[in-house]
Amino acid sequence: MQPFTTLTAAAVPMDLPNIDTDRVIPARFLRKPREAGYEKFFFHDVRFNADGSENGDFILNQAPYRQAKILVTAENFGCGSSREGAVWALMDHGIRCVIGPSFGDIFFENCFKNGVLALVLPPAAAAAIRRQLQERPGATISVDLEGQTLTAPDGSLHRFEVDPFRKQALLRGQDEIALTLEYEQAILAHESRRAAEMPWLT
Amino acid sequence: MPTMFEKIWSCHVVTEGPGGQSLLYIDRHLLHEGATHAFARLHRAGRSVRRPGGLVATADHYVPTGRGSEAQSNEEIRGMVEGLARSTREEGVTLFGPGDPRQGIVHVIGPEQGLTQPGIVLVCGDSHTATHGAFGAIAFGIGSTEVEHVLATGCLWQKKPKVMRITVTGRRPAGVTAKDVILAIIARIGAAGGVGHAIEYAGPVIAAMSMEERMTVCNMSIEAGARAGMIAPDATTFAYVEGRPYAPKGTQWDKALEYWKTLPSDPNAVFDREVEVDGAVIAPTVTWGTSPQDALPITGSVPDPARESDPARRQALGRALDYMGLRPGMALTDIAVDRVFIGSCTNSRIEDLRAAAAVAKGRRAVVTAWVVPGSGLIKRAAEAEGLHEIFTAAGFEWREPGCSMCIGMNGDTAREHERVASTSNRNFEGRQGKGARTHLMSPAMAAAAAVTGRLTDVRDLHPSPPPGERVG
Chain A
311 MQPFTTLTAA AVPMDLPNID TDRVIPARFL RKPREAGYEK FFFHDVRFNA
361 DGSENGDFIL NQAPYRQAKI LVTAENFGCG SSREGAVWAL MDHGIRCVIG
411 PSFGDIFFEN CFKNGVLALV LPPAAAAAIR RQLQERPGAT ISVDLEGQTL
461 TAPDGSLHRF EVDPFRKQAL LRGQDEIALT LEYEQAILAH ESRRAAEMPW
511 LT
Chain B
4 MPTMFEKIWS CHVVTEGPGG QSLLYIDRHL LHEGATHAFA RLHRAGRSVR
54 RPGGLVATAD HYVPTGRGSE AQSNEEIRGM VEGLARSTRE EGVTLFGPGD
104 PRQGIVHVIG PEQGLTQPGI VLVCGDSHTA THGAFGAIAF GIGSTEVEHV
154 LATGCLWQKK PKVMRITVTG RRPAGVTAKD VILAIIARIG AAGGVGHAIE
204 YAGPVIAAMS MEERMTVCNM SIEAGARAGM IAPDATTFAY VEGRPYAPKG
254 TQWDKALEYW KTLPSDPNAV FDREVEVDGA VIAPTVTWGT SPQDALPITG
304 SVPDPARESD PARRQALGRA LDYMGLRPGM ALTDIAVDRV FIGSCTNSRI
354 EDLRAAAAVA KGRRAVVTAW VVPGSGLIKR AAEAEGLHEI FTAAGFEWRE
404 PGCSMCIGMN GDTAREHERV ASTSNRNFEG RQGKGARTHL MSPAMAAAAA
454 VTGRLTDVRD LHPSPPPGER VG
């Protein structure tokens, strides 16, 4: 997993609440091999017209936002399906950080498992940053994961909370399976306790 | 005094890890074709499955449910089903594949086989895994990387969520189903209402439900934002589990039962959040928009964005109506549908099929209507009761088990602008096909829409409550 430490980049705002992962990546693309790249599936059915041309009205197709590496969202972004393809599509498009007042629980977890920082800010702060990005298209945001601070386009500094476990994993780009396998003795002990106490579970 | 969630959670903690996460032991891991990506990464890393006995796989998302299906002609779709068969064979994992009568939707076959039991922690790479919580288990959906992690280690790092109790009081009126109850709950707390929480459903309306009804309720927890939903196990639960293939037998059953009876939340347990819903005022419910929270009683009308004061909500509402092709203020019963889908992990079990057949019987579908049973065993049971004859005589299409048009991954999709009355769980933009318009409802309501060609209050079709109806 690619580590995440600091990021200063252009950001794109999305105002609609409850953007679900079906919209982020339609189901028919989930059978595609990961190696082939998921960039073109990102918001596919709203980003492209039926003939394959770009829908100019969609914000990701507008010049100042095309290079954005940060997405600033409204409530409950990534709700719905557990499809990790939503995060793969977002990453392959170049997004490394998603900022919003709340996220779908499974999407939130999937971000961290792929080296993407999902960053929760209070609703008013997230709304203010989206407004700044609309007023100054192409404006940048700086994120410092170690210091847990974010600098908005207007220069205001926001502190954010992040679970220490997830933070360390992102900073190190850690292989979580390797970490867990270090607990093999504890797992074996749990299994023998379980076999004694709940023998009906196989 | 602990909640049911806390009791089950604490007994599955292998170790407290760095930074406030727990390493949780996973009793059961259910797999479907989507696990193909995780198996590929696992094998590339030179790892193998740690505990194949804890896994059961089924083919559901990509299997064909009828002849001439894209699932048969499309090489990539076939490849997903074949990939699962190959990986499970290599790793010694039990697979209910195509042709096996036990094959079916993963959240249907777990309970049906007795794999789903009270007190366990169960995961699956699918957001509707909360279904299994109906048995008093912690069950939640996970992503592909987490699937790989559970395959390799049998465990998962998790941060303990908050616990919310939703109590449904009173008595459920005649003609009101479990689907109406959960749609009403989602409309009440919102699509983000349960974010960061596990939900425990409680109260007399829930306690009076059958296991299949409880599964319908827990199934849609994710549509309220909650990764897990659960219901205290009781005599109804135990009677359902007993005798199923993977259920404990003999003295093991007695031991298990003794333990399961200790699982319900203590009477004075404290929840992080409490919500009360009056079950007596719930009516047959349908969705009108593109989020499951956009649900209203069938007697209502399409909301008007102009009457919405919050600009963000007004924008979202306008966009939803535009996508759905609806006029503000029109009666919900004036909405004409183009097709009907009865199926999915929410509503494809035998009681669902009986409820739909009771409405279809002696009537005639005026639009294309599909019935997709949740498993091969449900299909057989329905045929033994003659339900397939009722459906086919009424012009409904009786199909093979699978996820089908709930998600359309096997090519079972609706066309652009086609309006579907559907018993599935998501009315998202494009969910049932690019540009397709979904209205969620119960099986009885979907069957009613099939025979009238429009959204219909099923109570108007019935002189008396439909058979299979249980009054709480």
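Chains A and B supply the protein sequences, listed in that same order.
Heads up: the first sequence runs through residues 311 to 512, numbered per our numbering.
Heads up: the second sequence runs through residues 4 to 475, numbered per our numbering.
Ideal placement from N, C-alpha and C gives every residue a C-beta, glycine not left out.
Interface partners of residue i on chain A, CB under 7 Å
i: B:A194; result: N328, N386, C389
i: B:E79; result: R341
i: B:V198; result: N386, S412, D415
i: B:P251; result: W510
Beta-carbon separation (whole angstroms), residue i vs residue j, contact threshold 8 Å
i: A:A437; j: A:H468; result: Wrong, their Cβ atoms sit about 13 Å apart, outside the cutoff.
i: B:V461; j: B:G178; result: 6 Å
i: A:I416; j: B:R230; result: 6 Å
i: B:A187; j: B:T288; result: 6 Å
i: B:A250; j: B:G117; result: 4 Å
i: A:N328; j: A:N386; result: 5 Å
i: B:G22; j: A:P474; result: 3 Å
i: B:F431; j: A:R338; result: Actually they are not in contact, since the Cβ atoms of B:F431 and A:R338 sit about 14 Å apart, beyond 8 Å.
i: B:A205; j: B:E226; result: Actually they do not touch by this definition, with Cβ atoms about 19 Å apart.
i: B:M83; j: A:R341; result: 5 Å
Residues near residue i by beta carbon distance below 6 Å, same chain, minus five either side
i: B:E472; result: Here B:E472 scores only 48 on pLDDT, less than 50, and its place in the model should not be relied on; the value that follows carries that caveat. Correct list: empty, nothing qualifies.
i: B:H110; result: H131, T134, C348
i: B:P446; result: I345, N350, D355, A358, A359, T426
i: B:H442; result: V289, T290, A424
i: B:R276; result: M167
Proximal residues to residue i (C-beta, below 8 Å), its chain only, five neighbours per side dropped
i: A:L326; result: A384
i: B:T416; result: M408, Q435, G436, K437, A439
i: B:H35; result: A60, T61, A62, D63, H64, L87, V109, C127, G128, D129
i: A:A396; result: T331, V334, I335, G388, F417, N420
Residues that residue i contacts on chain A, provided the C-beta gap is smaller than 8 Å
i: B:R50; result: I487
i: B:K437; result: P336, D355
i: B:P21; result: P474, F475, Q478
Residues of its chain near residue i, where Cβ-Cβ distance is below 7 Å and the 5 sequence neighbours each way are ignored
i: B:G411; result: Q435, G436
i: B:T302; result: A286, D460
i: B:D30; result: G57, I123, V124, L125
i: B:H15; result: L27, Y28, V124
Closest Cα partner of residue i within the set the options
i: B:C127; options: B:E93, B:G157, B:D237; result: B:G157
i: A:R406; options: A:A321, A:E456, A:F358, A:G465; result: A:A321
i: B:I381; options: B:Q106, B:Y243, B:G321; result: B:Q106
i: B:V362; options: B:A397, B:E277, B:G196; result: B:A397
i: B:G196; options: B:A137, B:V278, B:V208; result: B:V278
i: A:G465; options: A:Q442, A:G388, A:N365; result: A:Q442
i: A:F358; options: A:G347, A:N371, A:A346, A:I487; result: A:N371
i: B:A309; options: B:S72, B:L266, B:R322, B:I202; result: B:R322
i: B:E419; options: B:E73, B:G328, B:L464; result: B:G328
i: A:Q444; options: A:V334, A:Y348, A:M311, A:L381; result: A:L381
i: B:M214; options: B:I202, B:M233, B:A38; result: B:M233
i: B:G405; options: B:G100, B:V17, B:R50; result: B:G100
i: A:Q377; options: A:E456, A:Q484, A:A319; result: A:A319
C-alpha gap between residue i and residue j, whole angstroms
i: B:D103; j: A:P343; result: 27 Å
i: B:R174; j: B:L335; result: 25 Å
i: B:F143; j: B:L125; result: 7 Å
i: A:R393; j: A:L317; result: 26 Å
i: B:T6; j: B:V273; result: 7 Å
i: A:T512; j: B:L458; result: 47 Å
i: A:D355; j: A:P336; result: 7 Å
i: A:E492; j: B:W160; result: 13 Å
i: A:A479; j: B:S76; result: 43 Å
i: B:I485; j: A:G448; result: Here chain B has residues from 4 to 475 only, and residue 485 of chain B is not among them.
i: B:A385; j: B:I353; result: 7 Å
i: A:G410; j: B:E245; result: 46 Å
i: B:V369; j: B:D297; result: 26 Å
i: A:E494; j: B:G20; result: 13 Å
i: A:M401; j: B:V208; result: 44 Å
i: B:M444; j: B:N428; result: 9 Å
i: B:H152; j: A:E486; result: 8 Å
i: A:P313; j: A:A488; result: 16 Å
Within chain A, the residues that residue i reaches when beta carbons sit closer than 9 Å
i: B:S312; result: Simply none; closest approach about 16 Å.
Beta-carbon neighbours of residue i, restricted to chain B and to distances below 7 Å
i: A:K350; result: Result: empty, since nearest Cβ-Cβ is about 15 Å, beyond 7 Å.
i: A:L370; result: Neighbours of A:L370 on chain B: none; closest Cβ ~16 Å, over 7 Å.
i: A:R344; result: H40
i: A:H500; result: V17, Y28
Residues that residue i contacts on chain B, provided the C-beta gap is smaller than 8 Å
i: A:P509; result: Q255, K258
i: A:A496; result: V17, T18, L26
Any non-hydrogen atom of the ligand ZN closer than 7 Å to residue i Cβ
i: B:V208; result: Ligands displayed in this structure: none; no statement on the ligand ZN is therefore possible.
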